[in-house]
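Numbering (my numbering), first residue to last: 1178 to 1767.
Built from N, CA and C at the ideal position, the CB exists for glycine as well.
Here the structure is a predicted model, which is why all the values come from computation and not from measurement.
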């Protein structure tokens, strides 16, 4: 046919047909993919918000349960409750409610009699009715006109061989509209709180609450229509995984599907406009495609090759806007530039998330580790203020304050040591003497038979930073001591005891091939297999009083001195730590 006999015509028709097919498929694919991704992102965001709500609820319950325990353990409160005299107890209820920051605080006696209360009267009645004299720590939820009333109750005990229950301390907190708005700011989702099948607080208008009732009991992600807007919903218990008795409270998380998917209409209109414009340009300019295709494609190929060789994501392809340049080539170049910008942005976002994650872990550890000493110091100060305290009690309180301030100073020192760069001062060092001195410091007060030494008598002088290496050794030997003390032994009456056949810890040194090996092996409890992958993670610890920085600091020191640090362990048999160092740490780096 004459119409297709010309190369120009064939290119014209082929380009036009290809543009039509490409744009049609592109429109369909992008539309379908965008809709699918939007729905998936909506569900993913809802589940992430659910996780944040779980963490918020668990942290809130744990925080006020800890505060309730601390207050219930105060001698002043115990003495007042033991009198059973409401006028004596009431001032303490008012005081501790303000100090704890709770909406409600109720104190009851041995038989559940109300001794003191601070808060709304109807909330006090609910708390007193649900209270019961027992050793259990109770957390429950109950409806209230203001919202969901969360109650945390702990016993007030008089310590002894058989604990004497003096009464109970109940702390109440409202999950009301204000708290719902706080959680909304945290999760970016609409929030409602309910209990016993009723929505009692919400970030949505009051008239929308009746429509949310059915969603409180939904076990999966659901949807609900409120007015002319559709929401996806997820109900989460306020105490996930908790087996305490009482009515469970429910947090209902909602995200607007209508609002989320509005942008698809804009995308469809934009894609339709781009398709029409591009099709017209392809029809008009297809005659010159054959002559203008090679140069732009060559530029894109060159840029891609340079990015692949250098990893430089800032490399861009110059997008020319001349009328005779190929539109498909321009589209390809623009897509390539967008791709490199997206990858660079994702890398920056990943780095920022990692920094925020590290900051979150650090904040959690510091908050946990500093709170306990502060509570002990606060309790000791209460004892010092007590006019009836005996000299022995005063000395004990002062001793507690001194011990806890030392602990706070140690926590801060370890965090600073881990955070700042290490600078090494190299000098010749006797590794054998350094091992003995480190063991003496870490095992002060232990029997001499607790540690066995297998030191290389031909060990030459090692050029290293003795003080830094001693710090690492003391950290590891202290961990070994804690592991040995935690191990069950037949002679459990003694603090640290070597068995008749084997000491608690063995320290061995060897020199071979220009490198020095230091091996520390203990007979402690060992490390669980699931914890082995995290022993060098900052702030990871299995001890209540640990900071999780000892081994990371030691690893930084050893690697900074040009060495390696490895750990092997079996539960119930003990742990072996191996340090490998060069004889001359000339390449030590900060």
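By how many angstroms is the C-alpha of residue j removed from the C-alpha of residue i?
i            : j            : result
residue 1584 : residue 1385 : 52 Å
residue 1322 : residue 1426 : 15 Å
residue 1690 : residue 1613 : 24 Å
residue 1524 : residue 1486 : 18 Å
residue 1697 : residue 1599 : 24 Å
residue 1609 : residue 1655 : 18 Å
residue 1340 : residue 1264 : 26 Å
residue 1200 : residue 1191 : 14 Å
residue 1261 : residue 1662 : 43 Å
residue 1746 : residue 1752 : 4 Å
residue 1615 : residue 1648 : 8 Å
residue 1685 : residue 1755 : 10 Å
residue 1588 : residue 1576 : 19 Å
residue 1295 : residue 1274 : 7 Å
residue 1250 : residue 1518 : 58 Å
residue 1731 : residue 1718 : 14 Å
residue 1611 : residue 1618 : 11 Å
residue 1457 : residue 1198 : 14 Å
residue 1312 : residue 1333 : 9 Å
residue 1733 : residue 1601 : 12 Å
residue 1259 : residue 1569 : 23 Å
residue 1222 : residue 1720 : 35 Å
residue 1431 : residue 1285 : 39 Å
residue 1708 : residue 1235 : 23 Å
residue 1688 : residue 1740 : 14 Å
residue 1214 : residue 1207 : 10 Å
residue 1682 : residue 1624 : 12 Å
Note down, in chain order, each residue of its chain lying with its Cβ closer than 8 Å to the Cβ of residue i, except the 5 sequence neighbours on either side.
i            : result
residue 1558 : 1574, 1578
residue 1400 : 1407, 1408, 1409, 1410, 1434
residue 1211 : 1441, 1444
residue 1391 : 1401
residue 1481 : 1513
residue 1640 : 1603, 1604, 1605, 1606, 1760, 1761, 1762, 1763
residue 1561 : 1571, 1574, 1575
Could you pull out every residue in the same chain whose Cβ sits closer than 7 Å to the Cβ of residue i, ignoring the five residues on either side in sequence?
i            : result
residue 1680 : 1626, 1627, 1628, 1629
residue 1405 : none
residue 1287 : 1310, 1342, 1343, 1344
residue 1395 : 1410, 1412
residue 1320 : 1372, 1373, 1375, 1377
residue 1667 : Confidence is the limiting factor: at residue 1667 the pLDDT is only 45, short of 50, which leaves the residue's position unreliable, though a coordinate-based value still follows. No residues qualify anywhere along the chain.
residue 1350 : 1241, 1279, 1280, 1327
I'd like to know whether the C-beta atoms of residue i and residue j end up nearer to each other than 7 Å.
i            : j            : result
residue 1693 : residue 1758 : yes
residue 1744 : residue 1702 : no
residue 1346 : residue 1335 : no
residue 1353 : residue 1378 : yes
residue 1726 : residue 1735 : no
residue 1581 : residue 1547 : no
residue 1357 : residue 1230 : no
residue 1279 : residue 1348 : yes
residue 1293 : residue 1272 : no
residue 1714 : residue 1657 : no
Give the single residue among the options whose Cα lies nearest to the Cα of residue i.
i            : options                : result
residue 1459 : 1747, 1750, 1315, 1196 : 1196
residue 1360 : 1739, 1201, 1232       : 1232
residue 1728 : 1738, 1762, 1653       : 1653
residue 1393 : 1515, 1311, 1376       : 1376
residue 1507 : 1518, 1494, 1519, 1516 : 1494
residue 1479 : 1456, 1454, 1510       : 1510
residue 1461 : 1738, 1740, 1733, 1194 : 1194
residue 1659 : 1621, 1207, 1641, 1643 : 1621
residue 1643 : 1604, 1665, 1664       : 1604
residue 1383 : 1563, 1403, 1398, 1527 : 1403
residue 1252 : 1563, 1638, 1586       : 1563
Quick one: what's got a C-beta closer than 6 Å to residue i's C-beta in the same chain, skipping five residues either side?
i            : result
residue 1244 : 1277
residue 1204 : 1448, 1452
residue 1318 : 1325, 1327, 1372, 1424, 1426
residue 1476 : 1494
residue 1632 : 1609, 1686
residue 1750 : 1703
Whole-angstrom Cβ separation of residue i and residue j, contact assumed at under 8 Å?
i            : j            : result
residue 1219 : residue 1437 : 5 Å
residue 1710 : residue 1748 : No, residue 1710 and residue 1748 are not in contact; Cβ-Cβ is about 15 Å, not under 8 Å.
residue 1281 : residue 1297 : 7 Å
residue 1226 : residue 1365 : 7 Å
residue 1254 : residue 1248 : 6 Å
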